[in-house]
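Structure record follows, encoded as structure tokens.
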Amino acid sequence: MTDAGHSGGCQCGAVRYHCEALGRATICHCRMCQKAFGGFFGPLVTARGLTWTRGGPDHFASSSKVRRGFCSKCGTQLTYDWGGEPEVAIGTLDDPEQAAPVLQVNPAGMLSFFGRLHELPLRTASENTQAAAFMADIVSFQHPDHDTGQWPQEQAGENGRD
Amino acid sequence: MSSDDGQGAYHHVGLQDENEEHTGGCQCGAIRFRMKGTPLDRSICHCRMCQKAFGNFYAPLVNTRDTEFEWTRGAPKRWQSSNHVVRGFCGNCGTPLSYEAEDGLAISIGAFDNPTPLMPLIQFGMEGKIEWVDDLSTLPGRRTEEDIEFAPFLADIESYQHPDHGTETWPETKDD
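Sequences listed follow chains A and B, in order.
Just so you know, we're using my numbering here: the first sequence kicks off at 1 and counts up by one.
Just so you know, we're using my numbering here: the second sequence kicks off at 1 and counts up by one.
Encoded structure:
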């Protein structure tokens, strides 16, 4: 996020965007959003004044009226484009906390267990020996949650890798 | 764990027919898969890596290591998200499909034709959990047709999504 507006992008960083303001944030339970996102719902927020600041998404026409944008390099779902103000996938914002949903769209498609997920037992990485070993030397190749001057970034230095 | 009742309910979810078959694929249908068996490693991960990969609040994944799994049409395009993990997605429509690490191949639960039997059993990556994510199910709801004023294009929409079952050909033959 910058001082004015909001930034975001895909996991690898090949596609980055900026918008002036965020509009209505929703989660959509329809089967189209579930499958597009490989998840339980589509988390979308209207992005006012959206501009692509690095690269741009590929598109799939998921219906006669909608095309969905994604990064062709890493696959991250980025946009829901219906011809008006586009919506961006909330998880792609550098700070998703800024777009708390206010509405559930198409609740008829809601998965039966959706309302019980918060009751599931929790496990942090450090509580699990196998996971701890996995995390001990992990080096993320994900783009950071802020804009960068160049992409890909130089890996040498802070991450200790060439 | 909120209660014994809750624990029992989740355990019951895991007791399924060992011959059960789960199919799925990406939104456009270019990639399809089949999983046979009862996968017990089913989770949602709240870490920031999974959030961004899925463009979502968490990633729902089922690990296939105790099942018979095969790609039945096409294969995912892959991107290495860290030195330990490769993530697969459809190169044509972008659907996130896989998380591949030392502990096996995990598949996005939402990509299954019927996600309902694959309810997650545990939450990972709590350090990345979004503070309001537990409250989503309490938000007011609105049916799609009630949202027409906000999205008038929905009135006569025609889906191009692959159906939630296997198909002989892809793309499907049109009537023309």
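We treat Cβ as the ideally placed atom computed from N, Cα and C, and that holds for glycine.
Continuous alpha helix (DSSP H) stretch holding residue i: start and end
i     : result
A:M32 : R31 to F37
B:K52 : R48 to F54
Residues sharing a beta bridge with residue i, DSSP
i      : result
B:Y99  : B:R87 and B:A106
A:L93  : A:G8
A:D58  : A:F70
A:T26  : A:L44 and A:L103
A:T51  : A:H18
A:V88  : A:V45 and A:T79
B:L118 : Paired residue(s): none; B:L118 is not in a bridge.
A:S64  : Bridge partners of A:S64: none, in fact.
B:F112 : B:G24
B:S137 : In DSSP, B:S137 forms no bridge with anything.
Environment of residue i [buried if 16+ CB atoms lie within 10 Å]
i      : result
B:E100 : buried
A:D81  : buried
A:T53  : exposed
A:G109 : buried
B:Y160 : buried
A:V88  : buried
A:G149 : exposed
B:T169 : exposed
A:T92  : buried
B:V133 : buried
A:G115 : exposed
B:D175 : Model confidence at B:D175 stands at a pLDDT of 46, short of 50, so the residue's coordinates are unreliable and nothing is read from them.
B:R65  : exposed
A:S112 : exposed
B:S98  : buried
A:C12  : buried
B:T116 : exposed
A:V45  : buried
A:E158 : Note that A:E158 scores a pLDDT of 41, beneath 50, so its modelled location is shaky; the value from the coordinates is reported in the next line. It counts as exposed.
A:A4   : exposed
A:G49  : exposed
A:R161 : Note that A:R161 scores 35 on pLDDT, short of 50, meaning its location in the model is unreliable and no value can be drawn from it.
B:P140 : exposed
B:S3   : In this prediction, B:S3 has a pLDDT of 35, which is less than 50 and means its spatial position is unreliable; what the coordinates show is noted afterwards. The residue in question, B:S3, is exposed, as its Cβ has fewer than 16 Cβ neighbours within 10 Å.
A:T2   : Interpretation of A:T2 is limited by its pLDDT of 44, a score under 50 that renders its predicted location unreliable; no figure is taken from the coordinates.
A:P86  : buried
Proximity of residue i and residue j at Cβ, strictly below 8 Å
i      : j      : result
A:C33  : A:G23  : no
B:P76  : B:C93  : no
B:I31  : B:V62  : no
B:F112 : B:W71  : no
B:H162 : B:G29  : yes
A:V139 : B:S137 : no
B:G21  : B:T38  : Looking at the sequence itself, residue 21 of chain B is Glu, so the reference to Gly does not match. Cβ distance not < 8 Å, so B:E21 and B:T38 don't count as in contact.
A:S62  : B:Q80  : no
A:K65  : B:I157 : yes
A:H59  : A:P107 : no
B:R73  : B:R87  : no
B:I122 : A:R16  : no
Cβ-Cβ separation, residue j to residue i (assumed contact under 8 Å), whole Å
i      : j      : result
B:E102 : B:H84  : 7 Å
A:C19  : A:A47  : 4 Å
B:S43  : B:F153 : 36 Å between Cβ atoms; not a contact.
A:D163 : A:S7   : Outside the displayed span of chain A (1 to 162) sits residue 163 of chain A, for which this structure offers no information.
A:P96  : B:I130 : 6 Å
A:G38  : B:G110 : 4 Å
A:F40  : B:P60  : 6 Å
A:T76  : A:C10  : 4 Å
A:L103 : A:T51  : Contact flag wrong, Cβ pair sits at about 26 Å.
B:M126 : B:H46  : 6 Å
A:Q142 : B:K52  : 6 Å
Bounding residues of the beta strand (DSSP E) (the contiguous stretch that carries residue i)
i      : result
A:Q81  : A small fix is needed here, since residue 81 of chain A is Asp in this sequence, not Gln. Residues Q77 to D81.
B:E68  : E68 to R73
B:M35  : R32 to K36
A:V105 : L103 to V105
B:C45  : R42 to C45
A:Y17  : R16 to C19
B:H22  : E21 to G25
B:N63  : A59 to N63
B:Q80  : K77 to Q80
A:Q98  : A:Q98 -> no beta strand (DSSP E), and no H or E assigned at all.
B:F124 : I122 to F124
Contacts that residue i makes with chain E (C-beta to C-beta distance below 8 Å)
i     : result
A:C74 : The structure shown contains no chain E; its protein chains are A and B.
Heavy atom of the ligand HEM within 7 Å of residue i beta-carbon
i     : result
A:F40 : By its list of ligands, the structure shown contains no ligand whatsoever, and the ligand HEM lies outside what it can speak to.
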